[in-house]
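In UniProt numbering, the protein residues as written are 1 to 306. Input: a single structure, listed below in structure tokens.
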Amino acid sequence: MQEMNNIAASDLNLLLVLEALLEERHVSRAALRLNRSQPAVSHALARLRDIFNDPLLVRGSDGMQPTARALQLAEPLLEALALVRSMVEQPLFGICQTERLFRVSLSDYGAAILLPALVSRLRQSAPLVDLTIVSYGRERALAALTDGELDLAVGVYPTLKQASHRDLNSTLLFEESFACLVDAKSTSVPLDLAAYLSRPHVQVSVALQDSSEIDTALLRLGHKRRIAVQIPHWSTAPDLVRGTDLILTTARRSIEHLSGHGLLCLEVPFALPSFPFVQTWHRRRDRDAAHHWLRGQIEGLVRQAA
Numbered sequence: 001m002q003e004m005n006n007i008a009a010s011d012l013n014l015l016l017v018l019e020a021l022l023e024e025r026h027v028s029r030a031a032l033r034l035n036r037s038q039p040a041v042s043h044a045l046a047r048l049r050d051i052f053n054d055p056l057l058v059r060g061s062d063g064m065q066p067t068a069r070a071l072q073l074a075e076p077l078l079e080a081l082a083l084v085r086s087m088v089e090q091p092l093f094g095i096c097q098t099e100r101l102f103r104v105s106l107s108d109y110g111a112a113i114l115l116p117a118l119v120s121r122l123r124q125s126a127p128l129v130d131l132t133i134v135s136y137g138r139e140r141a142l143a144a145l146t147d148g149e150l151d152l153a154v155g156v157y158p159t160l161k162q163a164s165h166r167d168l169n170s171t172l173l174f175e176e177s178f179a180c181l182v183d184a185k186s187t188s189v190p191l192d193l194a195a196y197l198s199r200p201h202v203q204v205s206v207a208l209q210d211s212s213e214i215d216t217a218l219l220r221l222g223h224k225r226r227i228a229v230q231i232p233h234w235s236t237a238p239d240l241v242r243g244t245d246l247i248l249t250t251a252r253r254s255i256e257h258l259s260g261h262g263l264l265c266l267e268v269p270f271a272l273p274s275f276p277f278v279q280t281w282h283r284r285r286d287r288d289a290a291h292h293w294l295r296g297q298i299e300g301l302v303r304q305a306a
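This is the structure in structure tokens:
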């Protein structure tokens with residue numbers, strides 16, 4: 001296309017801006033991805049509109065949308081950038097020399113089962129890689145990935161398949177199931193549904209608006225439990241159960257090792273499906289070699305633990 005030749009003759013960086021804008025459909029997020037200022041990306045968009053004599057991106061009900069002309073450009077743009085990258089990208093990636101800060105959202109539970117092994121691996125293989133760990137609610141974590149605030153989120157995200165999260169990729173780490181933790185002196189074995197509903201419960205939830213698969217399943221059966229204590233940190237929940245009539249229903253891996261010493265890990269007395277524990281990221285990170293390496297380390301550590 002003649003317009004592509006005009007860009008090649010003037011500024012190849014405009015191709016990168018066009019790629020980011022078509023994928024992000026948002027000037028601020030494109031700027032974040034390119035590590036440029038928003039005014040610089042807006043100026044580049046104005047130049048692209050002049051070159052192609054087309055608005056390329058227009059505001060719609062769901063943010064900025066590509067025009068027919070922009071969609072026509074997408075495939076040749078992809079081919080052109082793939083050729084350029086194949087010529088200039090380094091053939092080898094050395095993590096041991098990589099300086100990087102990764103911002104990761106992990107729940108209390110996820111940190112307990114993953115973080116010690118991951119930090120140990122990083123200190124051995126990637127001593128210049130640093131981690132900042134936050135514990136965001138589910139929807140906040142997904143929004144932070146989209147906005148570029150986070151690099152990776154690891155946990156349970158039931159809404160990942162919704163259209164609003166179409167730009168997020170994910171991989172399954174393992175399937176998890178629920179179990180109940182109770183004080184050994186306060187209950188009979190096995191625990192039945194009537195006893196389960198008659199007792200107060202502890203709920204671990206970072207955000208008030210995070211949905212609970214447990215309460216959704218009970219609602220389908222026409223029941224509702226009483227949440228006597230809601231806390232944001234899993235680590236304190238078992239101590240709240242000990243010596244009380246409270247029940248904690250949570251991920252099995254986090255409590256099965258506590259059975260004994262005055263506590264019991266019991267089966268949930270109604271049907272609860274297993275749930276996927278995943279790592280998820282924005283597709284802008286797909287070609288990031290260091291990010292790909294980190295995801296691979298997490299997958300490997302989970303398989304090793306299993």
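All C-beta atoms, glycine included, are put in the ideal place defined by N, C-alpha and C.
Next on the checklist: According to DSSP, is Asp183 part of a helix, a strand, or is it coil?
Outcome noted: In the three-state scheme derived from DSSP, where H, G and I count as helix and E and B as strand, Asp183 is classed as strand.
Next on the checklist: Contact defined as beta carbons within less than 8 Å: I believe Leu21 pairs with Leu77. What is the distance between those atoms, to the nearest angstrom?
Outcome noted: In fact, because the Cβ distance is near 11 Å, the residues do not count as touching under 8 Å.
Next on the checklist: Using a Cβ-Cβ distance cut-off of 8 Å, determine whether Leu131 contacts chain B.
Outcome noted: Although the question refers to chain B, the structure presented lacks it and comprises just one protein chain.
Item to check | Segment contact, 8 Å Cβ cut-off, at least three pairs: the segment 243 to 263 with the segment 134 to 144 | outcome: No contact exists between the segment 243 to 263 and the segment 134 to 144.
Checklist entry - Where Leu191 and Ser259 are concerned, what is the direct C-alpha to C-alpha distance, given to the nearest angstrom? => result Leu191 and Ser259 have their C-alpha atoms roughly 15 Å apart.
Item to check | Per DSSP, cross-strand counterpart(s) of Trp281 | outcome: Answer is Asn169.
Checklist entry - For the alpha helix (DSSP H) that contains Ile113, what are its first and last residues? => result For Ile113, the uninterrupted alpha helix (DSSP H) run begins and ends at 108 to 125, by DSSP.
Checklist entry - Are three or more beta carbon pairs between the segment 281 to 288 and the segment 160 to 170 nearer than 8 Å? => result Contact between the segment 281 to 288 and the segment 160 to 170 is established, with three or more Cβ pairs separated by less than 8 Å.
Checklist entry - Curious, which full-length beta strand (DSSP E) runs of at least 3 residues does the segment 237 to 272 contain? => result If only complete runs of 3 or more residues are kept, the segment 237 to 272 shows the beta strand (DSSP E) at 247 to 251, 263 to 266, in order along the chain.
Item to check | Environment of Gln38 [buried if 16+ CB atoms lie within 10 Å] | outcome: By the neighbour-count criterion, in which 16 or more other beta carbons inside 10 Å mark a residue as buried, Gln38 falls on the exposed side.
Checklist entry - Using the C-alpha atoms, what's the distance from Pro273 back to Gly222? => result Using only the alpha carbons, I get a separation of about 17 Å.
Checklist entry - Among Ala153, Val129, Leu181, Arg33, which residue has its Cα nearest to the Cα of Leu248? => result The candidate whose alpha carbon is nearest that of Leu248 is Leu181.
Next on the checklist: How far does the beta strand (DSSP E) with Ile231 in it extend, from its first residue to its last?
Outcome noted: Counting along the chain, Ile231 sits inside the beta strand (DSSP E) bounded by residues 226 to 231.
Next on the checklist: On the CB-based measure, 16 or more other CB atoms within 10 Å of its CB, does Gln279 come out buried or exposed?
Outcome noted: Classification of Gln279: buried, given that the 10 Å Cβ count is 16 or more.
Item to check | Touch test, the segment 29 to 45 against the segment 59 to 70, Cβ-Cβ under 8 Å, three pairs minimum | outcome: No, the segment 29 to 45 is not in contact with the segment 59 to 70.
Next on the checklist: Using a 10 Å radius around the Cβ and a threshold of 16 neighbouring Cβ atoms, would you call Ala153 buried or exposed?
Outcome noted: By the Cβ neighbour-count rule, Ala153 is buried, with 16 or more other Cβ atoms within 10 Å of its own.
Next on the checklist: Quick check on Glu75: does DSSP put it in helix, strand or coil?
Outcome noted: Glu75 falls in the helix class under three-state DSSP.
Checklist entry - For the putative contact between Leu246 and Val202, defined by C-beta atoms under 8 Å, what is the C-beta separation to the nearest angstrom? => result So it is a contact: roughly 5 Å between Cβ atoms.
Item to check | Validate contact between the segment 143 to 160 and the segment 218 to 238 using beta carbons, cut 8 Å, 3 pairs | outcome: Flag = no, the segment 143 to 160 and the segment 218 to 238 do not touch.
Item to check | Simplified DSSP state of residue 382, which is helix, strand or coil | outcome: The structure shown has nothing for residue 382, since the chain only spans 1 to 306.
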